[in-house]
Amino acid sequence: MAEGKNLVGVDIGASSIKVAQLKETRKKLQVARWGFALLAPQTIIDGHVMNSSAVTEALLKIFHDQKITQKDVAVGVYGQSVIVRKITVPMMTQAELDEQINWEAEQHIPFDIKLMSVDYEVLRKRPEAGQMDLLLVAAKKDEINDYANILRDAKLRPAVVDINAFTIQNMFENQFGLPPDGTIALLNVGAAVSSLNIVSRGVSAFTREITNAGNAITEEIRKQCGCSHEQAEAYKAAGGPTQMVPQEVHQIVLQACVGLAGEIQRSLDFYLATSGEQEITRIFVSGGSAYLAPLAQAIEKRARVPVQLFDPMANLTVEAKYVDEAKLRAMSAQMVVALGLSLRCDRERRQWSA
Ligand SMILES: Nc1ncnc2c1ncn2[C@@H]1O[C@H](COP(=O)(O)OP(=O)(O)OP(=O)(O)O)[C@@H](O)[C@H]1O
Ligand SMILES: [Mg+2]
Numbered sequence: 003m004a005e006g007k008n009l010v011g012v013d014i015g016a017s018s019i020k021v022a023q024l025k026e027t028r029k030k031l032q033v034a035r036w037g038f039a040l041l042a043p044q045t046i047i048d049g050h051v052m053n054s055s056a057v058t059e060a061l062l063k064i065f066h067d068q069k070i071t072q073k074d075v076a077v078g079v080y081g082q083s084v085i086v087r088k089i090t091v092p093m094m095t096q097a098e099l100d101e102q103i104n105w106e107a108e109q110h111i112p113f114d115i116k117l118m119s120v121d122y123e124v125l126r127k128r129p130e131a132g133q134m135d136l137l138l139v140a141a142k143k144d145e146i147n148d149y150a151n152i153l154r155d156a157k158l159r160p161a162v163v164d165i166n167a168f169t170i171q172n173m174f175e176n177q178f179g180l181p182p183d184g185t186i187a188l189l190n191v192g193a194a195v196s197s198l199n200i201v202s203r204g205v206s207a208f209t210r211e212i213t214n215a216g217n218a219i220t221e222e223i224r225k226q227c228g229c230s231h232e233q234a235e236a237y238k239a240a241g242g243p244t245q246m247v248p249q250e251v252h253q254i255v256l257q258a259c260v261g262l263a264g265e266i267q268r269s270l271d272f273y274l275a276t277s278g279e280q281e282i283t284r285i286f287v288s289g290g291s292a293y294l295a296p297l298a299q300a301i302e303k304r305a306r307v308p309v310q311l312f313d314p315m316a317n318l319t320v321e322a323k324y325v326d327e328a329k330l331r332a333m334s335a336q337m338v339v340a341l342g343l344s345l346r347c348d349r350e351r352r353q354w355s356a
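The sequence shown begins at 3 in the numbering used here and counts up one residue at a time.
Dropping the structure here:
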């Protein structure tokens, strides 16, 4: 874990806000506080916050109700406003790279670089070739500012902005370590977006976002059953056939999961074809839609790779006084981004100024 005081992780998703705060006790990590609030369906559309006061109010309520007094937060961003590219540059020192990075970014990013916040991570140095591989990350300043303003309105101080896919990787590494040799896929299936991060030999090798996730399934149920969004959500979460759920729901969910698995497979195929890599050994799924049993089955069948739920709480304890452990554990895969963000500290070297 990095130095300094842990920040509170704030994950503003299309369907809900998730908040987590960690505490280190005798080298063990403990969840000190957490919070969750559903957002109305139209609050966030295509990654843009349409109703910022609804988000601000939900944040104020979570921090108040959960008695979270720490106001310095780490927030996650994703979607169309974020671009991630793996690039190769000549070997250079960090000082040279800091100076050069905007120029390098300009060659790879199809937007005016002055409108972007740019960051990078050195993936691999190859002195024999005089080159190094970087992960270049750029996010639109406008979008970051929108989030920062919402947080400020909620009386919070944004200290770190991170990319959801890397936050998940960070959490995975913290809990289980990354396999030094093999290749795994970290898949987060939320409400609006499914994000895929293929991690090979300990570093991110490929990321992609697919705008198909839980919401599309809910919407299909809503249309075909002629019910409300809330009712469709309840039908979906009820799982397999039960007397309380219309018969057709199970079939709708199955069909949607097969479709989504097909889209995921296309990304896996693209990675395998372009990287020359032989195989992906395991797919770890997180996000609220990871709890849809038919989805894991459909992906497993299609990809012929074992699929496993990523439980970011597997090695965490909780502060019983403030945390409803059973409730948190039941939805831990949905909390992965908030938990990953809460690993971040306020005195890390590189941060985006939000
Ligand atoms: N037990 C469950 N069974 C099936 N689906 C579930 C369950 N719990 C949550 N979901 C679904 O998970 C989705 C929400 O997941 P999550 O909180 O990870 O998304 P989000 O972060 O709000 O959205 P995004 O990441 O796309 O912006 C919703 O579509 C919801 O219906
Ligand atoms: Mg999410």
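Yeah, the Cβ is synthetic: ideal placement off N, Cα and C, and Gly gets one too.
Quick one: grab the DSSP three-state call for C229. Taking the sequence shown and counting its residues from 1, one reaches residue 229 at position 227. In the structure shown, the three-state DSSP call for C229 is coil.
Apart from the five residues just before and just after G15, which ones in its own chain have a Cβ nearer than 7 Å to its Cβ? Walking along the sequence shown from the start, residue 15 turns up at place 13. Only G192 and A193 meet the Cβ criterion.
In the DSSP output, which residue or residues are listed as bridge partners for T209? Numbered from its first residue, the sequence shown carries residue 209 at position 207. DSSP lists N199 as partners of T209.
In whole angstroms, what is the alpha-carbon distance linking M3 and E123? Translated into positions along the sequence shown, residue 3 becomes position 1. Translated into positions along the sequence shown, residue 123 becomes position 121. Bear in mind that the predicted position of M3 carries a pLDDT of just 47, short of 50, making it unreliable; the figure below should be weighed with that in mind. Roughly 17 Å between the two C-alpha positions.
Are there 16 or more other CB atoms within 10 angstroms of the CB of A316, so buried, or fewer, so exposed? In the sequence shown, counting from the first residue as 1, residue 316 sits at position 314. A316 comes out exposed.
Just curious, the beta strand (DSSP E) that R14 is in, first and last residue? Stepping through the sequence shown from its first residue, residue 14 is reached at position 12. The sequence given here has Ile at residue 14, not Arg. I14 -> beta strand (DSSP E) spans V10 to I14.
Own chain, CB closer than 8 Å to S54, minus 5 neighbours either side, in chain order: For this step, residue 54 is matched to residue 52 along the sequence shown. Excluding its 5 nearest sequence neighbours in each direction, S54 has C-beta neighbours in its own chain below 8 Å: D148, N151, I152 and D155, listed in chain order.
How long is the line joining the alpha carbons of A356 and D313, rounded to whole angstroms? For the purposes of this step, residue 356 is taken as the residue at position 354 of the sequence shown. For the purposes of this step, residue 313 is taken as the residue at position 311 of the sequence shown. Confidence at A356 is low in this model, with a pLDDT of 38, below 50, so the placement of that residue should be treated as unreliable; the coordinate-derived value is given next. One C-alpha to the other measures close to 30 Å.
Any idea which residues DSSP pairs G78 with across the strands? Residue numbering aside, residue 78 sits at position 76 when the sequence shown is read from its first letter. The partner list for G78 (beta bridge, DSSP) reads D164.
Terminal residues of the continuous alpha helix (DSSP H) containing G342? Counting from 1 along the sequence shown, the entry for residue 342 is found at position 340. Run containing G342: V338 to L343, per the alpha helix (DSSP H) assignment.
Just list the residues that DSSP pairs S119 with in beta bridges. Taking the sequence shown and counting its residues from 1, the one referred to as residue 119 is at position 117. DSSP lists A141 as the bridge partner or partners of S119.
Using the rule of at least 16 other Cβ atoms within 10 Å of the residue's Cβ for burial, across every protein chain shown, is L158 buried or exposed? In the sequence shown, residue 158 corresponds to position 156, counting from 1. Around the beta-carbon of L158, 16 or more other beta-carbon atoms lie within 10 Å, marking it buried.
Are the CB atoms of A140 and I85 nearer to each other than 8 Å? Stepping through the sequence shown from its first residue, residue 140 is reached at position 138. Stepping through the sequence shown from its first residue, residue 85 is reached at position 83. Here A140 is near I85, since their CB atoms are less than 8 Å apart.
Own chain, CB closer than 6 Å to D74, minus 5 neighbours either side, in chain order: One-based indexing of the sequence shown puts residue 74 at position 72. Counting only Cβ-Cβ distances below 6 Å, and skipping sequence neighbours, we find L9, R159, A161 and D348.
From I70, V91 and S269, pick the residue whose C-alpha is nearest to that of R210; which is it? Start at 1 with the first residue of the sequence shown, and residue 210 comes out as number 208. Among I70, V91 and S269, the Cα nearest to that of R210 is on S269.
With DSSP as the reference, label K20 as helix, strand or coil. Here the question's residue 20 lines up with position 18 in the sequence shown. K20 falls in the strand class under three-state DSSP.
Residues passing the C-beta test against ligand 1 heavy atoms, cut-off 6 Å: The answer, residue by residue, is G15, A16, S17, S18, G192, A193, A194, V195, A215, G216, N217, T220, E235, K238, A239, G289, G290, S291, Y293, L294 and Q336.
Out of R224, E235, A187 and A295, which one is the CA nearest neighbour of Y273? Reading the sequence shown from its first residue, position 271 is the one you call residue 273. A187 is the residue among R224, E235, A187 and A295 whose C-alpha sits nearest the C-alpha of Y273.
Sequence-distant residues of the same chain with beta carbon closer than 7 Å to I200, five excluded per side: Sequence index remark: in the sequence shown, residue 200 carries index 198 (1-based). Only T185, A187, A207, F208, Y273 and I282 meet the Cβ criterion.
What does the Cβ neighbour count give for R352, buried or exposed, with the cut at 16 atoms within 10 Å? What you label residue 352 is simply residue 350 of the sequence shown in a count that begins at 1. The predicted model places R352 with a pLDDT of 47, which falls under 50 and marks its position as unreliable, so this point remains unresolved.
Quick check on the DSSP output: what are the complete alpha helix (DSSP H) runs of length 4 or more inside the segment 237-287, in order along the chain? Runs found: 249-277.
Under the three-state DSSP convention, the category D348 falls into: Within the sequence shown, the letter at position 346 stands for residue 348. Correct three-state label for D348: coil.
Following the continuous alpha helix (DSSP H) through I301, name the residue where it begins and the one where it ends. As a working note, residue 301 is residue 299 in the sequence shown. Note, I301: alpha helix (DSSP H), A295 to A305.
Under DSSP, the beta strand (DSSP E) around F387 begins and ends at which residues? Since the first and last residues shown for the chain are 3 and 356, residue 387 lies out of range.
Count the other CB atoms within 10 Å of the CB of K29; is the residue buried (16 or more) or exposed (fewer)? Walking along the sequence shown from the start, residue 29 turns up at place 27. K29 sits exposed, since fewer than 16 C-beta atoms from the chains shown fall within 10 Å of its C-beta.
Nearest residue (CA-CA) to G132, options D144, K143, V91 and L125: As a position in the sequence shown, residue 132 is number 130, starting the count at 1. The shortest Cα separation from G132 among D144, K143, V91 and L125 belongs to V91.
For A239 and L294, what's the separation of their Cα atoms in angstroms? Walking along the sequence shown from the start, residue 239 turns up at place 237. Walking along the sequence shown from the start, residue 294 turns up at place 292. Straight-line Cα distance between these residues: approximately 7 Å.
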